[in-house]
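Below: the structure, in structure tokens.
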Amino acid sequence: MKAYSLDLRQKVVEAYNNKEGSYRKLAKRFRVSLTFVKTLLKRYQQTGSIEPRPHAGGQAPKLKAEQLVIINELVTNNNDAILSDLCDQCYQKTQIAISRATMSRMLQKLNLTRKKNFSRYSS
């Protein structure tokens, strides 16, 4: 969800400082949640800031640029390998275990496609 604008945050703080209503009335007036008003005013009283907090970031990627180069080489050398085979080969080279879903995302990130060689599977 996108952070509320600084303009809106400033209006909420000014309205509260001018005693224009309770937390609930301010939330209703500015069409925001009661929790937003409470946390905004609490942070303003503690730090004097109305800036939104920075995004926490999320989970760090398992594979670094060096491992992506290895995956690129694996697919280039064997482009008809299935995802589980690529995961196994990646583990043998990097000692990092990844799931098939992660491998699929990495192939998309590298803009690589895999094309099956159907003559390999014939009897």
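Read in the working numbering, the sequence shown has 106 at position 106, and its numbers run on one by one without any break.
By construction, the Cβ of each residue, glycine as well, lies at the ideal position given by its N, Cα and C atoms.
Considering only residues of the same chain and omitting the five flanking positions on each side of R43, which have a CB-CB separation below 7 Å?
Position 43 of the sequence shown, counted from the first residue, corresponds to residue 43. Taken in chain order, the residues that qualify are S49.
Check whether the stretch 34–43 and the stretch 12–20 touch, using three or more Cβ-Cβ pairs below 8 Å as the test.
yes
Give the single residue among S84, L110 and T113 whose Cα lies nearest to the Cα of A101.
Along the sequence shown, read from residue 1 onward, the residue named residue 101 stands at position 101. Taking only the C-alpha atoms, the option nearest A101 is S84.
Which of helix, strand or coil does DSSP assign to M100?
The sequence position of residue 100 within the sequence shown is 100, counting from 1. It is worth fixing the name first, because residue 100 is Arg in this sequence and not Met. Reduced to three states, the DSSP call for R100 is helix.
To the nearest angstrom, how far is the alpha carbon of A65 from that of V75?
Locating residue 65 in the sequence shown gives position 65, where the first residue counts as 1. Locating residue 75 in the sequence shown gives position 75, where the first residue counts as 1. Using only the alpha carbons, I get a separation of about 15 Å.
Give me the Cα-Cα distance between L68 and M106, rounded to the nearest whole angstrom.
Here residue 68 refers to the residue found at position 68 of the sequence shown. Here residue 106 refers to the residue found at position 106 of the sequence shown. So the alpha carbons of these two residues sit roughly 7 Å apart.
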